[in-house]
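Taking the working numbering, the leading residue of the sequence shown gets 32, the next gets one more, and so forth. Scroll down for the structure; my scribbles are underneath it.
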Amino acid sequence: MFSEQVNENNAPQKWWHRRWFTILCICFIGVAMLAVILTLVLKFAILVPKKQDITTATLSSSTATATPPIATTTSSTAMTTSPTATTPLTTTATTTQQSVSTNVGSMNQSRAWHKATLLANGKVLVTGGNNPRIMNTAELYDPSTETWTTTSSMKHQRTMHTAALLTDGTVLVTGGSNPPTLNSAELYDPSTEIWTTISRMNHERKEHTAVLLKNEKVLVAGGSNPSSINSAELYDPSTGTWTITDIMNQSRAWHTATLLKNEKVLVTGGNNGSHYLSSAELYDPSTGTWTTTGSMKISRVDFTASVLTNGKVLVAGGLNGNDYLNSAELYDPSTGTWTTTGTMNQPRVWHAATLLKNEKVLVTGGNNGTDYLSSAELYNPSTGTWTITDIMKSQRVEHTAFVLRNEKALATGG
Numbered sequence: 032m033f034s035e036q037v038n039e040n041n042a043p044q045k046w047w048h049r050r051w052f053t054i055l056c057i058c059f060i061g062v063a064m065l066a067v068i069l070t071l072v073l074k075f076a077i078l079v080p081k082k083q084d085i086t087t088a089t090l091s092s093s094t095a096t097a098t099p100p101i102a103t104t105t106s107s108t109a110m111t112t113s114p115t116a117t118t119p120l121t122t123t124a125t126t127t128q129q130s131v132s133t134n135v136g137s138m139n140q141s142r143a144w145h146k147a148t149l150l151a152n153g154k155v156l157v158t159g160g161n162n163p164r165i166m167n168t169a170e171l172y173d174p175s176t177e178t179w180t181t182t183s184s185m186k187h188q189r190t191m192h193t194a195a196l197l198t199d200g201t202v203l204v205t206g207g208s209n210p211p212t213l214n215s216a217e218l219y220d221p222s223t224e225i226w227t228t229i230s231r232m233n234h235e236r237k238e239h240t241a242v243l244l245k246n247e248k249v250l251v252a253g254g255s256n257p258s259s260i261n262s263a264e265l266y267d268p269s270t271g272t273w274t275i276t277d278i279m280n281q282s283r284a285w286h287t288a289t290l291l292k293n294e295k296v297l298v299t300g301g302n303n304g305s306h307y308l309s310s311a312e313l314y315d316p317s318t319g320t321w322t323t324t325g326s327m328k329i330s331r332v333d334f335t336a337s338v339l340t341n342g343k344v345l346v347a348g349g350l351n352g353n354d355y356l357n358s359a360e361l362y363d364p365s366t367g368t369w370t371t372t373g374t375m376n377q378p379r380v381w382h383a384a385t386l387l388k389n390e391k392v393l394v395t396g397g398n399n400g401t402d403y404l405s406s407a408e409l410y411n412p413s414t415g416t417w418t419i420t421d422i423m424k425s426q427r428v429e430h431t432a433f434v435l436r437n438e439k440a441l442a443t444g445g
């Protein structure tokens, strides 16, 4: 009797406890929902940054001409450490303002490891290469009509050869691989579109370099057969003969050879069969001798070398063992020394570099160790920085690129 009375007296109190508990739960849920809503509003409506406007345009297709874009750049400098050196790293933020490109169609045959030569008549001669068969075919690009036409084929199939425009307007093609490695040479006459076999080089070679000297002779240096070689020889167009000249200080293949404004030839980097090289040397045509000069900061093969209008030489990218390089450096002929300059936005090997009429250097394509690249960027010598420009329509490695007489850049093959 007493317990029933107690339960009856406590019933209203328990009911109010349950009611207050329900009210508190509803309030807690409401506050939690309000907090979530406020968080979403802050994140997506107030704190989200404004996106930068970037205008882009397409550069090229399988073969294309393109005028250089105009770009504005902001840069900051930091330090990066690689297994071989510590170099300044320039990071760039670029807004591309204008770019004009024209699709000029495809070559009659796809090809890589070929050579392209700007002729005196303004046309472009493309020779050899492989796809994957090694080729002896050649074709001409006419910028005035933007068309490709086949021309007569070379006497020999060849890839990894050289092609040099002589002062009389003919094109000298040397060496390469068929396989085996070749020492044959031939001349192309644009006026007749005929190839003529000439005397053979003294050494078989591929992956070598050929440079037209101021004395109208052609210096052929280095290469491999099958290991790297240090021999060099001269072709004299007036006699059609080859003569051996002084050997280089180091055997090298996959190097670069650059004619300087002082008429000497700078040979840089490459591979001697066992090591990637940072060394460089100079050939003096007046004495026929090689002398060592300052070494690059980083060893590299399959990079590019471009003579700037100020006479310095820009080398960019390449391969150093397993490292795909985005570093770049400058050679000063007046001091014989190398200095690091701005770093490219991407590592590149087997790319192409072209000096434009505006004194900038356009670098296109290549491989970054993971992908074949369609990207392109510009080096500005006045600031020492790289800016990203419009991507190509096609990914390319081992292609060719240079400036036509109409000041447009032509990229072919790859």
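Glycine included, every Cβ here is placed at the ideal spot set by N, Cα and C.
Roughly how many whole angstroms lie between the Cα atoms of residue i and residue j?
i	j	result
Tyr172	Asn399	30 Å
Met327	Ser309	5 Å
His430	Ala442	7 Å
Thr212	Gln377	33 Å
Gly300	Glu360	12 Å
Tyr403	Thr270	44 Å
Asn405	Ser330	Rather than Asn, the amino acid found at residue 405 in this sequence is Ser. Between Ser405 and Ser330, the C-alpha separation is close to 25 Å.
Thr371	Gly325	13 Å
Thr401	Thr168	31 Å
Asn162	Ala147	16 Å
Gly352	Thr223	45 Å
Ala432	Asn233	30 Å
Ile225	Thr182	8 Å
Asp267	Ala194	15 Å
Gly445	Gly397	9 Å
Val434	Thr323	32 Å
His286	Gly342	20 Å
For residue i, which option in the options has the closest C-alpha, if you only look at C-alpha atoms?
i	options	result
Gln426	Gly207, Val392, Val434, His382	His382
Leu243	Arg236, Gly373, Met166, Thr205	Thr205
Met423	Ser413, Ala440, Asp354	Ala440
Leu150	Gly444, Leu197, Lys248, Asn389	Leu197
Ser230	Ser262, Ser305, Asp354, Thr272	Thr272
Gly207	Tyr219, Lys245, Met191, Leu218	Met191
Asn411	Asn389, Ala311, Gly396	Asn389
Gln188	Val202, Met166, Ala194	Met166
Asn209	Ser183, Pro257, Leu203, Trp179	Pro257
Ser317	Thr340, Ala336, Lys248, Arg379	Lys248
Lys237	Met375, Gly160, Phe334	Gly160
Asn280	Pro221, Asp421, Thr287, Ile260	Ile260
Trp179	Thr158, Asn293, Arg164	Thr158
Could you give the C-beta distance for residue i and residue j, rounded to a whole number, given that I count them as a contact under 8 Å?
i	j	result
Gly253	Arg283	5 Å
Leu290	Thr276	Rounded, the Cβ-Cβ distance is 15 Å, inconsistent with contact.
Met138	Glu177	Their Cβ separation, rounded to whole angstroms, is 13 Å, which puts Met138 and Glu177 out of contact at 8 Å.
Leu297	Val251	Their Cβ separation, rounded to whole angstroms, is 15 Å, which puts Leu297 and Val251 out of contact at 8 Å.
Val332	Tyr307	6 Å
Gly348	Gly415	Gly348 to Gly415, Cβ: 16 Å. No contact.
Helix, strand or coil: which one does DSSP assign to residue i?
i	result
Ile419	strand
Heavy atom of the ligand FMN less than 8 Å from the Cβ of residue i, yes or no?
i	result
Met166	This structure lacks the ligand FMN, and indeed carries no ligand of any kind.
Report the residue ranges of all beta strand (DSSP E) runs contained in full by the segment 251-336; include only those spanning at least 3 residues, in chain order.
263-267, 272-276, 287-290, 296-299, 311-315, 320-324
Sequence ranges, beta strand (DSSP E) only - wholly within the segment 162-248, length at least 3:
169-173, 178-182, 193-196, 202-205, 216-220, 225-229, 240-243
Whole beta strand (DSSP E) runs in the segment 370-413 with 3 or more residues, listed along the chain?
383-386, 392-395, 407-411
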